[in-house]
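Some notes on the structure that comes next.
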Amino acid sequence: MKDIVKILQQNARISNAELGEILGISAEAAAAEIEKLEKSGVIKGYSVIVDDDLYDKSTVYATIELKVTPQRDCGFDDIAKTIMMYDEVESVSLMSSGAYDLAVEVKGNDLKDVAFFVSERLATIDGILSTSTHFILKKYKEKGIFIDREEPDERGLG
1 MKDIVKILQQ NARISNAELG EILGISAEAA AAEIEKLEKS GVIKGYSVIV
51 DDDLYDKSTV YATIELKVTP QRDCGFDDIA KTIMMYDEVE SVSLMSSGAY
101 DLAVEVKGND LKDVAFFVSE RLATIDGILS TSTHFILKKY KEKGIFIDRE
151 EPDERGLG
């Protein structure tokens with residue numbers, strides 16, 4: 001099971017036949033294992049990793065640190081559920097310790113979109129004490145996939 005998940009994390013488009021060949025099982029057995037992982041909830045979905053420099057240079061990503069007052073009987077869960085319903089939100093994570101409680105990754109069309117989201121939506125949610133926004137300038141690797149393209153080193157060319 002872990003081998004299938006690792007392979008799919010690197011290439012979710014791999015065929016059942018190729019997957020079966022790698023694992024030493026039939027294509028049908030590979031398909032059945034994937035279906036079992038999907039039905040059990042181990043595999044939640046599939047996504048595309050995009051190089052925004054090639055696709056849409058105006059896209060802006062930010063990580064927002066939130067200091068939160070936990071709610072009685074539900075801790076941080078209700079606030080996290082509220083936050084994750086916004087379209088701009090890519091992920092929400094509870095942090096174990098430190099200066100903040102929740103880490104929120106967001107995507108916007110430009111800096112103003114992200115700034116508006118933080119000031120008008122996040123900061124106004126009951127229980128959020130403070131926010132700290134960090135804009136992501138460049139992605140080098142995401143979900144185990146290298147994003148940064150190798151630029152040719154022209155210093156050695158004559």
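Just so you know, we're using full-length UniProt numbering here: the sequence shown kicks off at 1 and counts up by one. A virtual CB, placed ideally from N, CA and C, is assigned to each residue, including glycine. It should be emphasised that the depicted structure is a prediction, and the values quoted were computed from it without experimental measurement.
Item: Proximity to S15 [Cα-Cα], best of L23, A27, K107; Value: A27
Item: Nearest to K139 (by Cα), restricted to the options I147, T133, E90; Value: I147
Item: Span of the beta strand (DSSP E) around K67; Value: 60-68
Item: Proximity to E142 [Cα-Cα], best of V50, M85, D78, I79; Value: V50
Item: Backbone CA spacing between S58 and A29 [nearest angstrom]; Value: 43 Å
Item: Own chain residues within Cβ distance below 6 Å of I4, not counting five before or after; Value: E33
Item: Beta-carbon gap between A103 and T69 smaller than 8 Å; Value: no
Item: Same chain, Cβ closer than 8 Å to I125, five either side skipped, listed in chain order; Value: I79, T82, I83
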